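Quick note on numbering: the sequence shown equals residues 209 to 441 in the numbering used here.
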Amino acid sequence: MKANVVAVVPAAGLGKRLGPGTNKPFLRILDKPIIVWTLEALSSVSEISEIIPVFKESDMESGVALCERYRLSKVKRIAPGGKERQDSVYNGLRLLHGDTDIVVIHDGVRPVIDSRLVKDAITNLEGFDGVIVGVPVKDTIKEIEGVSVKKTIKRGSLWSIQTPQVFRYSRIMEAYVRAMEEGFYSTDDSALMERTGSRIKIVMGSYDNIKVTTPDDIPVAEMLLKKRPGFRG
Numbered sequence: 209m210k211a212n213v214v215a216v217v218p219a220a221g222l223g224k225r226l227g228p229g230t231n232k233p234f235l236r237i238l239d240k241p242i243i244v245w246t247l248e249a250l251s252s253v254s255e256i257s258e259i260i261p262v263f264k265e266s267d268m269e270s271g272v273a274l275c276e277r278y279r280l281s282k283v284k285r286i287a288p289g290g291k292e293r294q295d296s297v298y299n300g301l302r303l304l305h306g307d308t309d310i311v312v313i314h315d316g317v318r319p320v321i322d323s324r325l326v327k328d329a330i331t332n333l334e335g336f337d338g339v340i341v342g343v344p345v346k347d348t349i350k351e352i353e354g355v356s357v358k359k360t361i362k363r364g365s366l367w368s369i370q371t372p373q374v375f376r377y378s379r380i381m382e383a384y385v386r387a388m389e390e391g392f393y394s395t396d397d398s399a400l401m402e403r404t405g406s407r408i409k410i411v412m413g414s415y416d417n418i419k420v421t422t423p424d425d426i427p428v429a430e431m432l433l434k435k436r437p438g439f440r441g
């Protein structure tokens, strides 16, 4: 029987590093909001049956209107954001029904996501509790204390972790409930799973799968989106 796969897309960030008053998910890139690029990419993944974006409560009405305008039919429900990213994802997870088998969690401000990468992550879940994507670090990494260098860290085993992250629904809910009860917070969903002894697999992501965090990221994202096959501005 085909697994029921649902995507949760946290998009309730304040966007402080993009400048005062910036509403990051609604920031336009190539005349389209960042979140729409992301939701359209996830909508193209046939394995995903439903997408639940998570918006700030003050943005929920605008989020509904946006999804209707761009005919994002896989968006049937929207979750309210919380104080931290972890709170927002948890709000999204709690909306899921018991028949959900697999959850795909993807940052709303990673608009250059390739649908093939999402499919690859879902496929690789067999035999594991979760799958994360990432890329090996390219730069030399040093541990710093104040302004002093403590040591240089061998980078051979170091990866920069991205989203999507894919989990069995029962296991990620178990991890979230435990973390919330214990007051443990992380910006990475997999970190919560690791605390429960879950088996997590990593697959190769893409250096193009950037997170739009600072103003410098915007022209890079625009360039990468224009390179995509079938790009339509």
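All C-beta atoms, glycine included, are put in the ideal place defined by N, C-alpha and C.
Quantities reported herein were computed from a predicted structural model and do not represent experimental measurements.
Identify the continuous beta strand (DSSP E) that holds I352 and give its terminal residues. What you label residue 352 is simply residue 144 of the sequence shown in a count that begins at 1. Segment I349 to E353, the beta strand (DSSP E) holding I352.
To which residues of the same chain is G221 closer than 6 angstroms at the C-beta, ignoring the five residues directly before and after it? Locating residue 221 in the sequence shown gives position 13, counting from the first residue. When the five nearest sequence neighbours on each side are left out, the beta carbons in the same chain lying within less than 6 angstroms of the beta carbon of G221 are those of K232, in order along the chain.
Identify, in the order they occur along the chain, each residue of the same chain with its Cβ nearer than 8 angstroms to the Cβ of I349, setting aside the five sequence neighbours on each side. Looking up residue 349 in the sequence shown gives position 141. A distance below 8 angstroms between beta-carbons, with the five flanking residues on each side excluded, links I349 to the following residues of its chain, in chain order: T360, I361, R363 and L366.
Where are the beta strand (DSSP E) runs, 3 residues long or more, that stay fully inside the region 308-333, in chain order? Whole beta strand (DSSP E) segments, 3+ residues: 310-313.
Using the C-alpha atoms, what's the distance from P437 back to S368? By 1-based counting over the sequence shown, the position of residue 368 is 160. By 1-based counting over the sequence shown, the position of residue 437 is 229. Their backbone Cα atoms lie some 26 angstroms apart in a straight line.
In whole angstroms, what separates the C-alpha of V428 from that of V244? Counted from its first residue, the sequence shown places residue 428 at position 220. Counted from its first residue, the sequence shown places residue 244 at position 36. Approximately 17 angstroms between the Cα atoms of the pair.
Own chain residues within Cβ distance below 6 angstroms of R376, not counting five before or after: Your numbering for residue 376 matches position 168 in the sequence shown. Excluding positions up to five away in sequence, the list reads D337.
Test item: CB-CB of N417 and V320 under 7 angstroms: If you number the sequence shown from 1, residue 417 lands on position 209. If you number the sequence shown from 1, residue 320 lands on position 112. With respect to V320, N417 sits close: the two C-beta atoms are nearer than 7 angstroms.
On the CB-based measure, 16 or more other CB atoms within 10 Å of its CB, does V214 come out buried or exposed? The residue labelled residue 214 in the question sits at position 6 within the sequence shown. With 16 or more Cβ atoms within 10 Å of its Cβ, V214 is classed as buried.
Would you check if the region 261-272 and the region 233-243 touch, i.e. whether three or more CB-CB distances between them fall below 8 angstroms? Contact between the region 233-243 and the region 261-272 is present: three or more C-beta pairs spanning the two stretches fall below 8 angstroms.
Can you tell me which of I410, K210, M412 and R407 puts its alpha carbon nearest to the alpha carbon of D307? Taking the first residue of the sequence shown as 1, we reach residue 307 at position 99. Checked all of I410, K210, M412 and R407; the closest Cα to D307 is K210.
Could you compute how far the alpha carbon of P344 sits from the alpha carbon of I408? Here the question's residue 344 lines up with position 136 in the sequence shown. Here the question's residue 408 lines up with position 200 in the sequence shown. When rounded, the distance between both Cα atoms is 17 angstroms.
Is it buried or exposed, S296, if we count other Cβ atoms within 10 angstroms and call 16 or more buried? Looking up residue 296 in the sequence shown gives position 88. Only buried fits S296, as 16 or more other CB atoms lie within 10 angstroms of its CB.
Extent of the continuous alpha helix (DSSP H) to which T360 belongs: Working through the sequence shown from its first residue, we reach residue 360 at position 152. Segment S356 to I361 is the beta strand (DSSP E) holding T360; no alpha helix (DSSP H) there.
Among R277, V317, S281 and Y384, the one whose alpha carbon lies nearest that of Q370: Walking along the sequence shown from the start, residue 370 turns up at place 162. Cα-wise, what sits closest to Q370 is V317.
Mind checking whether L303 and M381 have CB atoms under 7 angstroms apart? The count along the sequence shown starts at 1 and reaches residue 303 at position 95. The count along the sequence shown starts at 1 and reaches residue 381 at position 173. The answer is no: Cβ separation not under 7 angstroms.
Strictly by DSSP, which residues pair up with I410? Start at 1 with the first residue of the sequence shown, and residue 410 comes out as number 202. I410 is bridged to I340.
Buried or exposed, going by whether 16 or more other CB atoms sit within 10 Å of the CB of R293? One-based indexing of the sequence shown puts residue 293 at position 85. R293 should be labelled buried.
Nearest CA to the CA of Y298: which residue from E248, V217 and K419? For the purposes of this step, residue 298 is taken as the residue at position 90 of the sequence shown. Across the set E248, V217 and K419, the C-alpha of V217 shows the shortest separation from the C-alpha of Y298.
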